[in-house]
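Visitor:
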Amino acid sequence: MLISKMAAEGGGKEMNEIKTQFTTREGVYKLLTHSEYSRPNRVPFNSQGSNPVKVSFVNVNDQSGNGDRICFNVGRELYFYIYKGVRKAADLSKPIDKRIYKGTQPTCHDFNHLTATAESVSLLVGFSAGQVQLIDPIKKETSKLFNEERLIDKSRVTCVKWVPGSESLFLVSHASGNMYLYNVEHTCGTTAPHYQLLKQGENYSVHTCKSKSTRNPLLKWTVGEGALNEFAFSPDGKLLACVSQDGFLRVFNFDAVELHGTMKSYFGGLLCVCWSPDGKYIVAGGEDDLVTVWSFLDCRVIARGHGHKSWVSVVAFDHYTTSVEESDPMEFSGSDEDFQDQMIHFGRDRANSTQSRLSKRNSTDSRPVSVTYRFGSVGQDTQLCLWDLTEDILFPHLPLSRTRTHTNVMNATSPPAGATIITNTSSNTTNGNNSGANTPGINSLSTTLPRSNSLPHSASTTATANNTNKTGSGGGIGSGIMDSAIATGVSKFATLSLHDRKERHHEKDHKRNHSMGHISSKSSDKLNLLTKTKSDPAKTLGTLLCPRMEDVPLLEPLICKKIAHERLTVLIFLEDCLVTACQEGFICTWARPGKVGLLSSQNQASSPSGTVV
0 MLISKMAAEG GGKEMNEIKT QFTTREGVYK LLTHSEYSRP NRVPFNSQGS NPVKVSFVNV
60 NDQSGNGDRI CFNVGRELYF YIYKGVRKAA DLSKPIDKRI YKGTQPTCHD FNHLTATAES
120 VSLLVGFSAG QVQLIDPIKK ETSKLFNEER LIDKSRVTCV KWVPGSESLF LVSHASGNMY
180 LYNVEHTCGT TAPHYQLLKQ GENYSVHTCK SKSTRNPLLK WTVGEGALNE FAFSPDGKLL
240 ACVSQDGFLR VFNFDAVELH GTMKSYFGGL LCVCWSPDGK YIVAGGEDDL VTVWSFLDCR
300 VIARGHGHKS WVSVVAFDHY TTSVEESDPM EFSGSDEDFQ DQMIHFGRDR ANSTQSRLSK
360 RNSTDSRPVS VTYRFGSVGQ DTQLCLWDLT EDILFPHLPL SRTRTHTNVM NATSPPAGAT
420 IITNTSSNTT NGNNSGANTP GINSLSTTLP RSNSLPHSAS TTATANNTNK TGSGGGIGSG
480 IMDSAIATGV SKFATLSLHD RKERHHEKDH KRNHSMGHIS SKSSDKLNLL TKTKSDPAKT
540 LGTLLCPRME DVPLLEPLIC KKIAHERLTV LIFLEDCLVT ACQEGFICTW ARPGKVGLLS
600 SQNQASSPSG TVV
């Protein structure tokens, strides 16, 4: 394979070279140099002291078939372009919109895909001074500015996202550790808001805004200690995963404002988070240089991945390469080569097809379905890593005939024999939305398995009987909380219907924070002190919150390549390509295998294979 050949020939020098292509089981991914987006002068940005470069996408359903639009921030500047991807070379001389801000910098942004049209889009932009702006870069209009006087929160905006399924609600997190729910149709008050407690639990509290008339923010969440670095909605929009500087992943039922489960990093803060396409698994990354895979149903860590040499800044699932196979429960007889040829056909389903086929995994009346989740990560070490989460990790007790499927596909060499996983999770307390707690991965069993993409060590996963981190049910009391929220002016919290502007954006803006913040809320300081008890890392290590390294499978990346000179801040998977960006302000497009042809013939005839290798 190309990777092993490059590694063998390059030695130490090879490790420091910027890669322009890499190979996986699907084929060769190639950097399209003519599809690079940046500031129009293409001069590397001096990134000292600046906020991370972020990228957002939207499709405006343009009749011409070229409806993709890209937004990115570089320093004080914000750009909005037609995104031509693998089809045509980027034209940086003609941005649709360009904005330069004074006294503050854009930190994150998100499009509303529900309201996006060719004539108008709704783009939310968060800023380093705490404000949030609603703009229309097609009409070149600025609609509203939220938290304009910084009366709601004075700290940096770390993440902003439209609430899934809503044209008017959006959620904003800050370096203070607070999150706020806004409605674009409501105004912010001229004085600092007063809050009334709605719900509190372990290390979190939720308040409504007390006022005679409905005003923003509708809700204030106080989560963990220090900065709330990023949050992500589940694919169905019902759940919310948050990662904080205190090193905790917290997963909430969004409507019921109930804590479902928690996880602690191995050390340091967690910086990024994402959901699997079916909402069953969450991947988080951060200052421990690891990617950690957490099971939503089991509320436990099921694997860690080690490939980065510095902080992990972005994690993202590849919906288009997640493989789904309907198989008969019988042993495969034949050579590994035949088996690999047979499995190649299951790669790169379209996202909607993958979603529907993943949903069949729990169907009792269909044939067994095997699934391999593909996700990626980028970090401050300038490296891109791709990972496969396979069934021998997800369900270690399955027969070899089922787990062998993806082991043969993922690894060119045979996995080490004798790698043992012992799962002993009993007495799973079922909560309101934990109806799937009888999934295969939590039965008490011990077996010897191959380990695809995992390092050859003996993993002994002992999950104790009491699933203490499952706090709250996410159901049951939800209606009571919603009634209370409605009574205090959050009448549109559960019914997500109102009009605003446009857009569509499934890609995530992955935020990374290093600043520690302190919560400051006049009426709730005492409450915060009560609900925020410091967790001693020594007490969490070795528990379900944070298993020891030897207690869970350790994944190794499919590929791990240096692709930039400065730290990487963006990783987005699209149908024809994947997109990365670094702090110098360069947004790169990597064509998927077989997707480079059109651009090659039009713009890169001088390059043998359409890329610079």
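Note that numbering that gives the first Met the number 0 numbers the sequence shown so that position 505 is 504, with each residue one more than the last.
C-beta: ideal position from N, C-alpha, C; glycine also.
Quick one: grab the DSSP three-state call for N146.
Guide: Residue mapping note: residue 146 aligns to position 147 of the sequence shown, counting from 1. If DSSP states are grouped into helix, strand and coil, N146 belongs with coil.
Visitor: Please report the straight-line C-alpha distance between N65 and I586, rounded to a whole angstrom.
Guide: Start at 1 with the first residue of the sequence shown, and residue 65 comes out as number 66. Start at 1 with the first residue of the sequence shown, and residue 586 comes out as number 587. When only Cα atoms are considered, N65 and I586 end up about 19 Å apart.
Visitor: Identify the residues that DSSP records as bridge partners of Q132: which are they?
Guide: As a first step, residue 132 is located in the sequence shown; it is residue number 133 there, counting from the start. Q132 is bridged to V124 and L144.
Visitor: Find the nearest neighbour of G584 within the set D575, A563 and G26, judged by alpha-carbon distance.
Guide: For the purposes of this step, residue 584 is taken as residue 585 along the sequence shown, with counting starting at 1. Cα-wise, what sits closest to G584 is A563.
Visitor: What did DSSP end up calling E257 once you bin it into helix, strand or coil?
Guide: Taking the sequence shown and counting its residues from 1, one reaches residue 257 at position 258. E257 falls in the strand class under three-state DSSP.
Visitor: In chain order, what residues of the same chain lie with their CB nearer than 6 Å to the CB of S63, ignoring the 5 residues before and after it?
Guide: Taking the sequence shown and counting its residues from 1, one reaches residue 63 at position 64. None.
Visitor: Could you tell me which of N177, D109, A191 and C158 sits nearest to R149, measuring between CA atoms?
Guide: Taking the first residue of the sequence shown as 1, we reach residue 149 at position 150. Comparing alpha-carbon positions, the option among N177, D109, A191 and C158 lying closest to R149 turns out to be A191.
Visitor: In terms of residue numbering, what span does the alpha helix (DSSP H) encompassing I571 cover?
Guide: If you number the sequence shown from 1, residue 571 lands on position 572. Segment L567 to F572 is the beta strand (DSSP E) holding I571; no alpha helix (DSSP H) there.
Visitor: Buried or exposed for K211, going by 16 or more other Cβ atoms inside 10 Å?
Guide: For the purposes of this step, residue 211 is identified with residue 212 of the sequence shown, where counting begins at 1. Around the beta carbon of K211, a 10 Å sphere encloses fewer than 16 other beta carbons of the protein chains shown; the residue is thus reported as exposed.
Visitor: Identify every residue that forms a DSSP beta bridge with W589.
Guide: Within the sequence shown, the letter at position 590 stands for residue 589. According to DSSP, which records beta bridges pairwise, W589 is partnered with L30 and L577.
Visitor: Going by DSSP, which residues form a beta bridge with C559?
Guide: The sequence position of residue 559 within the sequence shown is 560, counting from 1. In DSSP, C559 forms a bridge with C384.
Visitor: Between which two residues does the alpha helix (DSSP H) harbouring E390 extend?
Guide: Here residue 390 refers to the residue found at position 391 of the sequence shown. Residues E390 to L393.
Visitor: Do the CB positions of H108 and K53 come within less than 8 Å of each other?
Guide: Taking the first residue of the sequence shown as 1, we reach residue 108 at position 109. Taking the first residue of the sequence shown as 1, we reach residue 53 at position 54. Taking 8 Å as the Cβ cut-off, H108 and K53 qualify as a contacting pair.
Visitor: If I measure Cβ to Cβ from A315 and keep anything under 7 Å in the same chain, skipping five residues before and after, which residues do I get?
Guide: To locate residue 315, count along the sequence shown from 1; it is residue 316. So the qualifying residues of the chain are C273, F374, G375, K507, L570, I571 and F572.
Visitor: Mind checking who W293 pairs with in its DSSP beta bridge?
Guide: Locating residue 293 in the sequence shown gives position 294, counting from the first residue. Paired residue(s): I281 and V300.
Visitor: If you reduce the DSSP assignment to three classes, tell me which class K628 lands in.
Guide: The structure shown does not extend to residue 628, since the chain is modelled only from 0 through 612, so no value can be given for it.
Visitor: Please report the straight-line C-alpha distance between I151 and S142, rounded to a whole angstrom.
Guide: Here residue 151 corresponds to residue number 152 of the sequence shown, with the count starting at 1. Here residue 142 corresponds to residue number 143 of the sequence shown, with the count starting at 1. Taking the straight line joining both Cα atoms gives about 19 Å.
Visitor: Give the secondary structure of E229 by DSSP, where H, G and I count as helix, E and B as strand, and everything else as coil.
Guide: For the purposes of this step, residue 229 is taken as the residue at position 230 of the sequence shown. E229: strand per DSSP, three-state reduction.
Visitor: Could you give the DSSP three-state label for E25: helix, strand or coil?
Guide: For the purposes of this step, residue 25 is identified with residue 26 of the sequence shown, where counting begins at 1. Of the three classes helix, strand and coil, the one that applies to E25 here is coil, per DSSP.
Visitor: Who are W161's beta bridge partners in DSSP?
Guide: Within the sequence shown, numbered from 1, the residue matching residue 161 stands at position 162. For W161, the pairing in a beta bridge is given by DSSP as F169.
Visitor: Considering only C-alpha positions, which residue in the set T103, D61, L238 and I558 is nearest to D387?
Guide: In the sequence shown, counting from the first residue as 1, residue 387 sits at position 388. Out of T103, D61, L238 and I558, I558 has the C-alpha closest to the C-alpha of D387.
Visitor: Near G593, what residues of its chain come up, given a Cβ to Cβ distance below 7 Å and the 5 sequence neighbours on each side ignored?
Guide: The residue given as residue 593 occupies position 594 in the sequence shown. Cβ neighbours of G593 beyond the five flanking positions: G26.
Visitor: Would you identify the three-state DSSP class for E76, choosing helix, strand or coil?
Guide: Reading the sequence shown from its first residue, position 77 is the one you call residue 76. Reduced to three states, the DSSP call for E76 is strand.
Visitor: Check the DSSP bridge columns for M178 and list the partner residues they point to.
Guide: Position 179 of the sequence shown, counting from 1, holds the residue named residue 178. S172 and W220, per the DSSP bridge assignment.
Visitor: Taking 8 Å as the cut-off, decide whether the C-beta atoms of V171 and V205 are in contact.
Guide: One-based indexing of the sequence shown puts residue 171 at position 172. One-based indexing of the sequence shown puts residue 205 at position 206. Against a cut-off of 8 Å, the Cβ pair of V205 and V171 comes out as no contact.
Visitor: Where does D287 fall in DSSP's three states?
Guide: In the sequence shown, the residue the question calls residue 287 occupies position 288. Three-state result, D287: coil.
Visitor: What span of residues does the beta strand (DSSP E) with K93 cover, start to end?
Guide: Position 94 of the sequence shown holds residue 93. No beta strand (DSSP E) contains K93, which DSSP labels as neither H nor E.
Visitor: Taking the Cβ atom as the reference point for each residue, do I137 and V124 lie within a distance shorter than 8 Å?
Guide: For this step, residue 137 is matched to residue 138 along the sequence shown. For this step, residue 124 is matched to residue 125 along the sequence shown. A distance of 8 Å or more separates the beta carbons of I137 and V124.
Visitor: So what does H193 bridge to, in DSSP terms?
Guide: The residue given as residue 193 occupies position 194 in the sequence shown. The partner list for H193 (beta bridge, DSSP) reads K209.
Visitor: Alpha carbon to alpha carbon, how far is I392 from G48? Give it in angstroms, no decimals.
Guide: Numbered from its first residue, the sequence shown carries residue 48 at position 49. Numbered from its first residue, the sequence shown carries residue 392 at position 393. Looking at the two C-alpha atoms, the distance is approximately 40 Å.
Visitor: To the nearest angstrom, how far is it from the Cα of L543 to the Cα of Y78?
Guide: Along the sequence shown, one-based indexing puts residue 543 at 544. Along the sequence shown, one-based indexing puts residue 78 at 79. Their backbone Cα atoms lie some 44 Å apart in a straight line.
Visitor: Return the residue from the list W589, Q244 and Q582 that minimises the CA-CA distance to F44.
Guide: Taking the first residue of the sequence shown as 1, we reach residue 44 at position 45. It is Q582 whose Cα lies nearest to the Cα of F44.
Visitor: Less than 7 Å separating the Cβ of K198 from some heavy atom of the ligand PLP?
Guide: Looking at this structure, you won't find the ligand PLP or any other ligand, since it has none at all.
Visitor: Would you tell me roughly how many angstroms separate the C-alpha atoms of L239 and A88, rounded to the nearest one?
Guide: For the purposes of this step, residue 239 is taken as residue 240 along the sequence shown, with counting starting at 1. For the purposes of this step, residue 88 is taken as residue 89 along the sequence shown, with counting starting at 1. When rounded, the distance between both Cα atoms is 37 Å.
Visitor: From which residue to which residue does the beta strand (DSSP E) around N310 run?
Guide: Position 311 of the sequence shown holds residue 310. The sequence given here places Trp at residue 310; Asn does not occur at that position. Judged by DSSP secondary structure, W310 falls outside any beta strand (DSSP E); it is assigned neither H nor E.
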